[in-house]
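Notes for the one structure printed next.
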Amino acid sequence: MKALTTAKPDTTVVADVPLPEPQAGEIRIRVHSVALNPVDALYVAHPLDKGFGRIIGSDFAGTVEKLGEGVVGWSIGDRAAGLLQGACSVNLRPGAFAEYAILEADLAIHVPANVSFDEAATLPLCSLTAVQMLFIRLGLPIPFPTTTDFPTNYPTKPTHVPTILVYSASTSVGLYILPILQYMSASHSDFKLNIIAIGSAQNHAKFASLGAHHSFDYRDPDWEKKVLEVTDGGAGIDYAVDCLSEGESVAQISRLFRPAADDGIKKTIAVVQLGRAWGAEDVRKDVETRYGTVWTCLGHDIVYNSLVLPSPASHRQLAVDFFRFLSSGSRDDPSKFSVTPNPVRLMPGGLDDIPRDGFTLLGSGLVVNRVKSEKTKQHMRPISAEKLVYRIYG
Numbered sequence: 001m002k003a004l005t006t007a008k009p010d011t012t013v014v015a016d017v018p019l020p021e022p023q024a025g026e027i028r029i030r031v032h033s034v035a036l037n038p039v040d041a042l043y044v045a046h047p048l049d050k051g052f053g054r055i056i057g058s059d060f061a062g063t064v065e066k067l068g069e070g071v072v073g074w075s076i077g078d079r080a081a082g083l084l085q086g087a088c089s090v091n092l093r094p095g096a097f098a099e100y101a102i103l104e105a106d107l108a109i110h111v112p113a114n115v116s117f118d119e120a121a122t123l124p125l126c127s128l129t130a131v132q133m134l135f136i137r138l139g140l141p142i143p144f145p146t147t148t149d150f151p152t153n154y155p156t157k158p159t160h161v162p163t164i165l166v167y168s169a170s171t172s173v174g175l176y177i178l179p180i181l182q183y184m185s186a187s188h189s190d191f192k193l194n195i196i197a198i199g200s201a202q203n204h205a206k207f208a209s210l211g212a213h214h215s216f217d218y219r220d221p222d223w224e225k226k227v228l229e230v231t232d233g234g235a236g237i238d239y240a241v242d243c244l245s246e247g248e249s250v251a252q253i254s255r256l257f258r259p260a261a262d263d264g265i266k267k268t269i270a271v272v273q274l275g276r277a278w279g280a281e282d283v284r285k286d287v288e289t290r291y292g293t294v295w296t297c298l299g300h301d302i303v304y305n306s307l308v309l310p311s312p313a314s315h316r317q318l319a320v321d322f323f324r325f326l327s328s329g330s331r332d333d334p335s336k337f338s339v340t341p342n343p344v345r346l347m348p349g350g351l352d353d354i355p356r357d358g359f360t361l362l363g364s365g366l367v368v369n370r371v372k373s374e375k376t377k378q379h380m381r382p383i384s385a386e387k388l389v390y391r392i393y394g
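Numbered according to full-length UniProt numbering, the sequence shown spans residues 1 to 394.
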């Protein structure tokens with residue numbers, strides 16, 4: 001089969017690789033669509049090891065083509081989506097940018113009838129990242145059935161309606177944070193949140209449709225003041241998710257928290273990058289920052305960002321339960337997901353074109369340093385509130 005693989009020096013090549021065989025508990029999927037994430041480009045430009053020939057890519061969707069021994073709940077021809085680790089760790093685990101991919105059956109998502117492969121491919125990595133940030137790192141109540149038991153950081157009898165700030169809400173993670181929070185509010189009659197989204201003004205209507213109560217432009221020099229004005233009595237926020245975590249953003253957010261901690265809520269910012277991308281010296285001392293990586297939900301300890309990160313059984317179980325919840329479809333319309341997929345920018349071409357166009361748009365470092373794309377090509381316009389998707393088959 002054809003696959004996009006790492007090559008020396010820090011480049012990629014479409015190579016012929018052996019067709020993988022599903023082992024016990026696994027399924028083989030013919031890949032129809034893949035969605036790009038910044039980590040896919042990052043670890044091509046800055047490989048985590050000196051090897052090559054690794055299959056790149058995380059998010060994909062397609063049709064089940066073969067079942068491993070003991071697999072239940074799946075049939076040949078079923079539509080499925082999932083995520084793989086690709087070259088995003090030192091572990092030699094193949095990625096998704098190929099004609100076929102192997103996935104553990106209980107970590108696969110059934111794709112409802114009225115969801116396209118393109119839409120489904122946007123879902124796994126960033127929606128699971130959003131779940132991890134909200135329920136593991138921030139400790140909010142989990143709104144879907146699960147056997148996990150993470151510590152809850154939401155008061156039994158709140159003295160006010162807590163506020164959560166979603167910074168850089170137009171990122172793929174942000175666009176999943178909002179609908180998951182929206183679902184939470186609709187699912188728990190005793191659970192209330194004041195949701196504030198920070199992002200470009202052009203996306204404020206989108207944020208509102210996904211459940212944000214207030215939206216402010218990060219370019220507005222008064223955005224911090226405006227955030228405080230819409231919190232409970234101007235006291236400040238209670239939770240935050242920083243979907244950018246670069247430069248001054250984490251420190252800015254930390255200044256917006258309520259001054260007191262006597263309400264039973266631990267003041268926490270869930271960040272998407274390690275502190276070297278934003279620095280800790282200016283972060284308010286009574287505000288905790290919590291970093292994590294979605295790969296710990298896949299059940300394999302990983303070597304990542306110079307760290308050895310264990311994969312607790314509870315993390316993997318949360319992923320299994322969340323993907324089962326997604327697979328059941330919406331309560332109002334089972335032919336759709338309960339969580340709205342990201343808007344899709346369908347990119348021209350296939351595997352060969354991912355590094356040239358897709359990785360160019362994503363860059364290989366900080367978002368602020370992304371190279372401005374060619375304005376004469378519509379598909380190469382700057383990314384805003386959408387996911388880059390390529391079709392591999394069909």
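Where is the CB? At the ideal position from N, CA and C, for every residue including glycine.
- In the structure shown, residue 240 adopts extended strand secondary structure according to DSSP, grouped into three states.
- When Cβ pairs closer than 8 angstroms are counted between the two stretches, the region 40–58 is seen not to touch the region 114–123, the count staying below three.
- With respect to the 7 angstroms criterion, residue 175 and residue 342 are classified as neighbours on the basis of their beta carbons.
- One alpha carbon belongs to residue 247, the other to residue 282, and they sit about 11 angstroms apart.
- Taken atom to atom, the span from the alpha-carbon of residue 284 to that of residue 251 is near 7 angstroms.
- Distance from the CA of residue 340 to the CA of residue 217, rounded to the nearest whole angstrom, comes to 23 angstroms.
- At least 7 angstroms separates the beta-carbon of residue 289 from that of residue 272.
- At least 7 angstroms separates the beta-carbon of residue 125 from that of residue 178.
- The beta carbon of residue 254 sits closer than 7 angstroms to the beta carbons of 269, 283, 284, 287 from its chain, once the five residues preceding and following it are set aside; these are given in chain order.
- With contacts defined as CB atoms closer than 7 angstroms, residue 1 and residue 100 qualify as a contacting pair.
- Residue 135 is not a Cβ neighbour of residue 34, given a cutoff of 7 angstroms.
- Residue 180 places its beta carbon less than 7 angstroms from that of residue 130.
- In terms of CA proximity to residue 226, 197 leads the group 197, 203, 243.
- Between the C-alpha atoms of residue 314 and residue 93 there is a straight-line separation of about 21 angstroms.
- Burial of residue 137 is indicated by the presence of at least 16 other C-beta atoms within 10 angstroms of its C-beta.
- Shown here, residue 117 sits in a helix according to DSSP, grouped into three states.
- Cβ contact annotation for residue 312 (same chain, cutoff 8 angstroms, sequence separation greater than five): 296, in chain order.
- Residue 4: member of the beta strand (DSSP E) spanning 2–7, first to last residue.
- According to the DSSP secondary-structure assignment, residue 33 is paired through a beta bridge with 61, 391.
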